[in-house]
Amino acid sequence: MHSEKASLGLKIAAWGGLVFLHFPIFIIFLYAFNTEDAAFSFPPQGFTLDWFSVAFAREDVLESIKLSLQIASIATLIAMVLGTLAAAALYRRDFFGKESISMLLILPIALPGIITGLALLAAFKRFGIEPGVMTIVIGHATFCVVIVYNNVIARFRRTSHSLIEASMDLGADGWQTFRYIILPNLSSALLAGGMLAFALSFDEIIVTTFTAGHERTLPLWLLNQLSRPRDVPVTNVVAMMVMLVTMVPILGAYYLTKSSESVAGSGGK
Numbered sequence: 058m059h060s061e062k063a064s065l066g067l068k069i070a071a072w073g074g075l076v077f078l079h080f081p082i083f084i085i086f087l088y089a090f091n092t093e094d095a096a097f098s099f100p101p102q103g104f105t106l107d108w109f110s111v112a113f114a115r116e117d118v119l120e121s122i123k124l125s126l127q128i129a130s131i132a133t134l135i136a137m138v139l140g141t142l143a144a145a146a147l148y149r150r151d152f153f154g155k156e157s158i159s160m161l162l163i164l165p166i167a168l169p170g171i172i173t174g175l176a177l178l179a180a181f182k183r184f185g186i187e188p189g190v191m192t193i194v195i196g197h198a199t200f201c202v203v204i205v206y207n208n209v210i211a212r213f214r215r216t217s218h219s220l221i222e223a224s225m226d227l228g229a230d231g232w233q234t235f236r237y238i239i240l241p242n243l244s245s246a247l248l249a250g251g252m253l254a255f256a257l258s259f260d261e262i263i264v265t266t267f268t269a270g271h272e273r274t275l276p277l278w279l280l281n282q283l284s285r286p287r288d289v290p291v292t293n294v295v296a297m298m299v300m301l302v303t304m305v306p307i308l309g310a311y312y313l314t315k316s317s318e319s320v321a322g323s324g325g326k
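For any residue, its number in my numbering is found by taking its place in the sequence shown, counting from 1, and adding 57.
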């Protein structure tokens, strides 16, 4: 009889992979609380929260945090609107060029970041647009749209069209159907896509490098700190904060989509 339990070797390999992936993150977390200000002196000399007060007292850190939050919020909002509209337009109807449009929508997330960054920079220069906050938002929105689009179109495909037809047959207009039928079915997928888009935008560095100009987001601040070994404890604190800010939306999106495997009216048996 075939056993559903994993073998010991498979368990060891799985745990080994998890340790390999998360050990660097653990090191950052560990040294964010180290009393020693030297760069990764082992073992840690003690436990302190002083570096947090030092980090959040620095104006450059606060400005970078504020800018990253602002950009991620705007890019996510744009992505949620455009991604939802694109999914609504493409999920059900067949027309000439549909596959090409779908591919173009997904392409920004598949391309290497350096290619996207160079292409955006060339386009901005071609139209005489100076790099700044607006160009960063546009750059981030290009790949954030993909995240929202993929989540929403998957939910559209699992939502029975008979619900929409029933709503219209009962006298509801387009807005009422959208408000009471479509939006409730899309809500968790839309929220999950928005959370993932926010996390992706908040810690994006490659595209930002080409589109930021003189602006400095939090990931760019961290990159600049690599040449300043005396600021390693503060850098560890900020890096830990970036990981937490991105980790929470990703976990939230995972649980949102996990808990909505069966959608009302999806027609699943």
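Virtual Cβ for every residue (Gly too), placed ideally from N, Cα, C.
Counting along the chain, serine 284 sits inside no alpha helix (DSSP H), nor does DSSP assign it H or E at all. Within the same chain, Cβ atoms closer than 8 Å to the Cβ of leucine 106 are found at Phe90, the five residues on either side in sequence being excluded. Residue Ala136 holds the alpha-carbon nearest to the alpha-carbon of valine 205 among Phe152, Ala136 and Tyr311. Membership of threonine 133 in the alpha helix (DSSP H) is indicated by the continuous run 116–147.
Contact between methionine 297 and isoleucine 85 holds: their C-beta atoms lie close to 6 Å from each other, under 8 Å.
Asparagine 91 has Phe104 as its beta-bridge partners, per DSSP. DSSP places histidine 271 outside both helix and strand once states are collapsed to three, so it counts as coil. The criterion of a C-beta distance shorter than 8 Å is satisfied by glycine 103 and threonine 92. Methionine 191 and alanine 176 have their C-alpha atoms some 16 Å from each other.
For glycine 231, the enclosing alpha helix (DSSP H) begins and ends at 231–234. Excluding five sequence positions before and after lysine 68, none of the CB atoms of its chain fall closer than 7 Å to its own CB.
When the alpha-carbon of leucine 119 is set against those of Pro306, Arg273 and Leu313, the nearest one is in Arg273. With fewer than 16 other Cβ atoms from the protein chains shown falling within 10 Å of its own Cβ, glycine 231 counts as exposed. Going by C-alpha positions, threonine 265 is about 30 Å away from leucine 243. Comparing alpha carbon positions, the residue from Leu78, Val202 and Val111 closest to threonine 292 is Val111.
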